[in-house]
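Q: Residue numbers for the sequence shown, in UniProt numbering: 9 to 331.
Each residue gets a CB set at the ideal place from its N, CA and C atoms; glycine is no exception.
Note that this is a predicted model, so its numbers are computed, not measured.
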Amino acid sequence: QHTIDKIAAGEVIERPSSVVKELAENAIDAGASSVTVEIKEGGISFIRITDNGSGIEKDQVPTAFLRHSTSKIRAVEDLMTIHSLGFRGEALSSIAAVAQVELVTKTHAEGTGIRYLIEGGKEVSLEEVGAPDGTTFLVRNLFYNTPARKKFLKAAMTEAGYINDLLIKLALSHPDISFKFINNGQVKLHTSGNTNLKDIIYGVYGREIASELIAVEAGDAGVQIRGFIGKPVISRGNRNYENYYINGRYIKSQIISKAIEDAYKTFMMQHKYPFAVLHFTIEGDLLDVNVHPTKMELRFSNQEEIYQLIVRTLKDALSGREL
Ligand code: ADP
Ligand code: MG
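#1: Say whether the stretch 62-75 touches the stretch 120-137, bearing in mind that this needs 3 or more beta-carbon pairs closer than 8 Å, one atom from each stretch.
#2: Anyone know if the C-beta pair for A271 and L322 falls short of 7 Å?
#3: Closest to K158 by C-alpha separation, out of G50, T113, D207, S243, would be which residue?
#4: Check for me: the beta strand (DSSP E) holding G235 runs from which residue to which?
#5: Could you give the C-beta distance for V224 and R234, rounded to a whole number, given that I count them as a contact under 8 Å?
#6: Could you tell me whether the stretch 45-59 touches the stretch 25-36, where touching means 3 or more Cβ pairs closer than 8 Å?
#7: Any heavy atom of the ligand MG inside 6 Å of the beta-carbon of A99?
#8: Given this structure, state the Cα-to-Cα distance separating T143 from S62, to the nearest angstrom.
#9: Near Y124, which residues of its chain fall below 6 Å by C-beta distance, leaving aside the five closest residues on each side in sequence?
#10: In three-state terms, what does DSSP make of A83?
#11: Can you tell me whether G61 sits near the ligand ADP, meaning its C-beta is under 6 Å from at least one heavy atom of the ligand?
#12: Helix, strand or coil: which one does DSSP assign to E46?
#13: Within its chain, find whatever has a CB closer than 6 Å to the CB of A83; leave out the 5 residues flanking it on each side and keep chain order.
#14: Rounding to the nearest angstrom, what Cα-Cα distance links F145 and L221 in this structure?
#15: According to the neighbour-count rule (16 or more other Cβ atoms, all chains shown, within 10 Å of its Cβ), is H116 buried or exposed?
#16: Under the criterion of a Cβ to heavy atom distance below 6 Å, does I263 qualify as lining the ligand ADP?
#17: Indicate, with yes or no, if the ligand MG has a heavy atom lying under 6 Å from the CB of N34.
#18: For the putative contact between G214 and T199, defined by C-beta atoms under 8 Å, what is the C-beta separation to the nearest angstrom?
#19: Around the C-beta of F151, are 16 or more other C-beta atoms found within 10 angstroms, so that it is buried, or is it exposed?
#20: Which stretch, first to last residue, makes up the alpha helix (DSSP H) that contains D37?
#21: Where does G129 land, buried or exposed, given buried means 16+ other C-beta within 10 angstroms?
#22: Using DSSP bridges, identify the partner residues of A284.
#23: Is the distance from the Cβ of K114 to the Cβ of A139 below 7 Å?
#24: Assuming P282 contacts I171 under a Cβ cut-off of 8 Å, what Cβ separation, rounded to an integer in Å, is found between them?
#25: Let me confirm a value: V27 is counted as buried when at least 16 other C-beta atoms fall within 10 Å, else exposed. Which label applies?
#26: Looking at T120: is its Cβ nearer than 7 Å to the Cβ of G97?
#27: List the endpoints of the continuous alpha helix (DSSP H) containing D270.
#28: Should P183 go down as buried or exposed, given a rule of 16 or more other Cβ atoms within 10 Å for buried?
#29: Does L197 come out as helix, strand or coil in the three-state DSSP assignment?
#30: I'd like to check one pair, N246 with L180: are the Cβ atoms closer than 7 Å?
#31: So the beta strand (DSSP E) A226 belongs to, where does it begin and stop?
#32: What are the start and end residues of the beta strand (DSSP E) that includes Q108?
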């Protein structure tokens, strides 16, 4: 059983940033308004994630670490239309299989909380403790029992960079949640959670990020687009400044990247890659989703239709604007 968990863990948990992704998404799903991520050594030796969300009920704690245990909807076809980010029930079991995990959690309704220790998939202890409402996961020594996998990790600084990039994506996709990222005791990112997307963008990237940010608020049958687009002051010559979210989820899609770039190019003739933070709401029946659950690559069966729809909507929104 532990072997199976370790194998499954390899698909979900590749590196420290995958741990942070899974746990931060759980915090978001739990309705947290504040999420703090602390790491040491690129997250390899230490990751602590604290949220003020719903907490986990006492008698649900060991269960939550079982494989395929989820309190959320789990049909892959529903992935893009369901509200929660998690759905597979694989994260906690996968993380616990390859690290030393301490969980402290308390629900609002319960008087005391629970402290639970699990290492290498084996329960170590479970005790009642006083705790604030919400959940704290401490994940230590990732891959301590799978040295072959540990070898594939990069330098701590590189791993920390991946986590930073991920938290930027999460902060921009959830402007209403305050995110804090602390790396080796230094605050690297702190968003206010005040719901104003432009403030969050400036908070994350600094005010100098784009020469001007054009607000996009456009709708067409089936697709709504909301957010900002502009010319990055320093072009990276790649898609690193293209942030887009589909139905609240950070996702990669060749078609959507291309549509954004093609619409943008008609306004900035010489400039290929925009700075963009765009939230797409796409109707379920336009999404014939075929998505790898962790890679987050989205494909559409009706590519051409989606492409045209987005280009047209974005061009409409940008027309008459000076970039
Ligand atoms: P999934 O997110 O796919 O449901 P996970 O393995 O990530 O599966 O989590 C298992 C379950 O543990 C969740 O369904 C949820 O009920 C509970 N859980 C995990 N993290 C939190 C959290 N931070 N706050 C509240 N509940 C949580
Ligand atoms: Mg989850």
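A: In this structure, then:
#1: With contact defined as three or more Cβ pairs closer than 8 Å, the stretch 62-75 and the stretch 120-137 are in contact.
#2: Yes. Within cutoff.
#3: G50
#4: 231-240 is the span of the beta strand (DSSP E), which, as asked, contains G235.
#5: 7 Å
#6: Yes: the two stretches touch, three or more of their Cβ pairs being nearer than 8 Å.
#7: yes
#8: 8 Å
#9: V69, L111, L134
#10: With a pLDDT of 49 at A83, under the threshold of 50, the predicted position of this residue should be treated as unreliable, though the coordinate-derived value follows. Secondary structure at A83: coil, using DSSP grouped into helix, strand and coil.
#11: The answer is yes for G61.
#12: strand
#13: Low local confidence applies: a pLDDT of 49 at A83 is under 50, so the model's placement there is unreliable, and no value is given.
#14: 37 Å
#15: exposed
#16: no
#17: yes
#18: The pair is not a contact, with the Cβ atoms about 13 Å apart (cut-off 8 Å).
#19: buried
#20: 24-37
#21: buried
#22: I237, E250
#23: Result yes, Cβ atoms of K114 and A139 sit closer than 7 Å.
#24: With 8 Å as the limit, P282 and I171 do not qualify as a contact, their Cβ atoms being about 25 Å apart.
#25: buried
#26: no
#27: For D270, the enclosing alpha helix (DSSP H) begins and ends at 262-273.
#28: buried
#29: L197 falls in the strand class under three-state DSSP.
#30: no
#31: 218-228
#32: 108-114
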